[in-house]
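Inspection log for the structure reproduced underneath, given as structure tokens.
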Amino acid sequence: MNKGNKLYEGKAKIIYETNDKYLVIQHFKDDATAFNNLKKAKVEGKGVLNNRISEYILTNLGQCGIKNHLIKRLNMREQLIKKAEIFPIEFIVRNIATGSLTKRLNIPEGTVLDKPLLEYCYKKDELQDPLVSKEHIYSFGWATEDEIKLIDSMTLRINDLLSGIFRGIGIKLIDFKIEYGKVWNESLKKKEIVLADEISPDTCRLWDIKTERKLDKDRFRKDLGNVIQAYQEVARRLGIMPEETNISEVNFGKTVPIKLKKK
Ligand code: UDP
102 MNKGNKLYEG KAKIIYETND KYLVIQHFKD DATAFNNLKK AKVEGKGVLN
152 NRISEYILTN LGQCGIKNHL IKRLNMREQL IKKAEIFPIE FIVRNIATGS
202 LTKRLNIPEG TVLDKPLLEY CYKKDELQDP LVSKEHIYSF GWATEDEIKL
252 IDSMTLRIND LLSGIFRGIG IKLIDFKIEY GKVWNESLKK KEIVLADEIS
302 PDTCRLWDIK TERKLDKDRF RKDLGNVIQA YQEVARRLGI MPEETNISEV
352 NFGKTVPIKL KKK
């Protein structure tokens, strides 16, 4: 697969075209941003870990019937994915109240929600990704009612599957953001909706079950330190530490053996 021109560069990833018009390469950078780009830094090794963690999660979801854009991981920082027309919406799922929900509605931090709460944000950096209703989505043609019906049911299923994956390694899935796109299905000769983008500690809030220690991007947002060690801990618990990284072996003050797993 030949890597072609850069098609798009976002805050944490770059998309390159390939010689196949239906496929692109997704490259994971080390850049971290927060608060609508006001806070920026390089977190060395983050891209490598997110590439590996997202590959692991999307592969597992795929095995459970969740259609997604991943074809295969190519190397430490890149994945071959299906080229998708991304819906301009961030789909947020919350199991426990924290972050913007607690601020917006004065809900006590840590409230366990009776059922998963779905939120929709319009992807527009200039507007700081505002929360919108389904009516806005339909009114402005960002997605149809049928598309949102399908996406909502996929999203709730993903929440159940992800919650199980993380609970199995001693982690609570507090909330997360996912994106969807439409890809061309050659055998069906029509477009279909797939899970796209990434699922990683950049896009999920993950708390250790026993200690409630944050193992996600909040360590960067809130200057809690040990950002890469937290991502590394998630990868280590999933059993997928990447092979040749120069990421520190120090895990919250303890030295942990890095397991060498080759694919
Ligand atoms: N999130 C994300 N990208 C965004 C906004 C949110 O991945 O642009 C994720 C975030 O990591 C969290 C969830 O979506 O897991 C809910 O985020 P919230 O609205 O609480 O965001 P905050 O404003 O607190 O970052």
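Position 157, counted from 1, in the sequence shown is what our numbering calls 258; the numbers after and before it change by one each time, with no gaps.
In this text, a Cβ means the ideal position worked out from N, Cα and C, and glycines have one as well.
Predicted model only: the values in this text are computed from it and were never measured.
Would you kindly work out how many angstroms separate the C-alpha atoms of Glu248 and Lys216, rounded to a whole number? For Glu248 and Lys216, the distance between alpha carbons rounds to 22 Å.
Cβ-heavy atom distance, Thr245 to ligand 1, below 7 Å: The nearest non-hydrogen atom of ligand 1 is 7 Å or more from the C-beta of Thr245.
Closest to Glu179 by CA distance: which of Ala185, Tyr117, Thr203 and Lys122 is it? Scanning Ala185, Tyr117, Thr203 and Lys122 for the CA closest to the CA of Glu179 turns up Tyr117.
Gln127 bridges to which residues according to DSSP? Paired residues: Ile116 and Gln180.
If we require 4 or more residues per run, which alpha helix (DSSP H) segments fall completely within the segment 242–292? If only uninterrupted alpha helix (DSSP H) runs of at least 4 residues are considered, those enclosed by the segment 242–292 are 246–268.
Quick one: is Ala142 buried, meaning 16 or more other Cβ sit within 10 Å of its Cβ, or exposed? Looking at its Cβ environment, which holds fewer than 16 other Cβ atoms inside 10 Å, Ala142 is exposed.
Would you mind sorting Thr212 into buried or exposed? The rule is 16 or more other CB atoms within 10 Å of its CB. Result: exposed.
Hey, is Val213's beta-carbon within less than 8 Å of any beta-carbon in chain C? Of the protein chains in the structure, only one exists, and it is not chain C.
Would the beta-carbon of Asp276 be found less than 7 Å away from any heavy atom of ligand 1? Yes, the beta carbon of Asp276 sits closer than 7 Å to at least one heavy atom of ligand 1.
Given this structure, state the Cα-to-Cα distance separating Gln330 from Glu145, to the nearest angstrom. Cα to Cα, Gln330 sits roughly 11 Å from Glu145.
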